[in-house]
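Peer 1:
In this note's numbering, the protein residues as written are 1037 to 1191.
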């Protein structure tokens, strides 16, 4: 099989489809994960998804990916604006990652404009709704290379 892709969703993303649908839409997290799995398979990639409302569980899952995953897609949710621990875990494993947000965080409250991840992400997808997940999977499948992993490890 080709590349291995890990999707990580942070706090409250388990509520996709029911939480503030005027912002996040009506598609559930299960729907997103199924769509991503199909997209990854279409590109010959393996895919795994993880969601937690707990920072430490996310750190543990990131660390467990070391040496086993070629690319990470992460929607850190509220941890975007607060978590140095998740940032350090991502940097510590040397796997390139895409930061993803369903809504356009830059068009929302000012405190949502700062991210602890954006300056280290290989790419950022913001405001494309749940379609952003499929775009992220396709980008990882088609563009993440061993060279990018080597460059990420040097950061």
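Every residue, glycine too, gets a C-beta built ideally from N, C-alpha and C.
Keep in mind the model is a prediction, meaning the values are calculated, not measured.
(1) Which same chain residues end up closer than 8 Å to residue 1170 when comparing Cβ atoms and leaving out the 5 residues on each side of it in sequence?
(2) Looking at C-alpha atoms only, which residue of 1080, 1077 and 1110 is the closest neighbour of residue 1168?
(3) Three or more C-beta pairs under 8 Å: does that hold for the segment 1119-1129 against the segment 1082-1099?
(4) Short of 6 Å in beta carbon distance, which residues of its chain neighbour residue 1079, apart from the five on each side in sequence? Order them along the chain.
(5) Could you work out which residue in 1084, 1117 and 1137 is closest to residue 1160 when comparing CA atoms only?
(6) Taking only the alpha-carbon atoms, compute the straight-line gap between residue 1066 and residue 1173 and give it to the nearest angstrom.
(7) Ends of the beta strand (DSSP E) at residue 1131?
(8) Please confirm whether residue 1132 and residue 1154 have their CB atoms less than 8 Å apart.
(9) Can you tell me whether residue 1084 is helix, strand or coil according to DSSP?
(10) Could you check the C-alpha separation between residue 1150 and residue 1058 for me, to the nearest Å?
(11) Can you tell me whether residue 1051 is buried or exposed? The criterion is at least 16 other CB atoms within 10 Å of its CB, across all chains shown.
(12) Is there a Cβ of chain B sitting closer than 8 Å to that of residue 1165, yes or no?
(13) At which residues does the beta strand (DSSP E) containing residue 1162 begin and terminate?
(14) Suppose the cutoff is 8 Å on Cβ atoms and the five residues either side in sequence are ignored; what does the same chain contact list for residue 1055 look like?
(15) Applying the criterion that 16 or more other CB atoms from any shown protein chain within 10 Å of the CB defines a buried residue, is residue 1135 buried or exposed?
Peer 2: The structure says:
(1) 1071, 1072 and 1075
(2) 1110
(3) yes
(4) 1177
(5) 1137
(6) 16 Å
(7) Neither: residue 1131 is in no beta strand (DSSP E) and is coded neither H nor E.
(8) no
(9) strand
(10) 23 Å
(11) exposed
(12) Included in the structure is just one protein chain, with no chain B present.
(13) 1159-1162
(14) 1048
(15) buried
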